[in-house]
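Going from the sequence shown to my numbering is simple: count from 1 and add 1475.
Everything on this sheet refers to the single structure shown next.
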Amino acid sequence: MNPSTAAYIIFRKIKSIIELKLKLLLFNMKKKIAIVALVAAVSVTVMFTLAQTAGNRTPASGNKKFVYALLYFHDQWDIIGRPQNMWVNSAYISDELKAKVKNCKDTDDALNALGAEGWELVSVINERTASGTEYDHYLKKAVN
1476 MNPSTAAYII FRKIKSIIEL KLKLLLFNMK KKIAIVALVA AVSVTVMFTL AQTAGNRTPA
1536 SGNKKFVYAL LYFHDQWDII GRPQNMWVNS AYISDELKAK VKNCKDTDDA LNALGAEGWE
1596 LVSVINERTA SGTEYDHYLK KAVN
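Next comes the structure, spelled out in structure tokens:
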């Protein structure tokens, strides 16, 4: 066998091995790209579906009805440390609970008494006056 022929045969073998390796590498790369594309497509589909179902939901409180009340407090105190001006106003609060709130030692006790009856504090607005600060506590209660 001629040395140049042997070199040519070796060259052809090396070339075919390199071509095979490149084809295998390209196939693996295409396979990885296909997997990444598939995962991305599934992720987008899932996110789109979740976004659609979340948009169709109504809020849990959308079906509930609420009634509202106002707990008024003015930070003036009597001789034994009770607030002089604290009362609750709502047609949905019993006279008994109104009296209980009026006799509470402080707003925490009043809010706890109202909370025990299902009332929930929504917001508080305060206003400074010449004689102290007035606090309006707005409450709500779910009704059937």
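Heads up, the beta-carbon is just placed ideally off N, CA and C, and yes, glycines get one too.
According to the DSSP assignment, aspartate 1584 belongs to the alpha helix (DSSP H) that extends over 1582-1591. In the DSSP assignment, lysine 1575 falls within the unbroken alpha helix (DSSP H) covering 1570-1577.
Spatial neighbours of tryptophan 1594 in its own chain (CB-CB distance under 6 Å, excluding positions within 5 residues in sequence) are listed in chain order as Leu1614 and Lys1616. Between leucine 1589 and valine 1618, the CB-CB gap reaches or exceeds 8 Å. Secondary structure of serine 1479 (DSSP, three-state): helix. Between the C-alpha atoms of lysine 1575 and glutamate 1592 there is a straight-line separation of about 12 Å. Contact check for alanine 1544 against serine 1565 passes: the beta carbons are separated by less than 8 Å.
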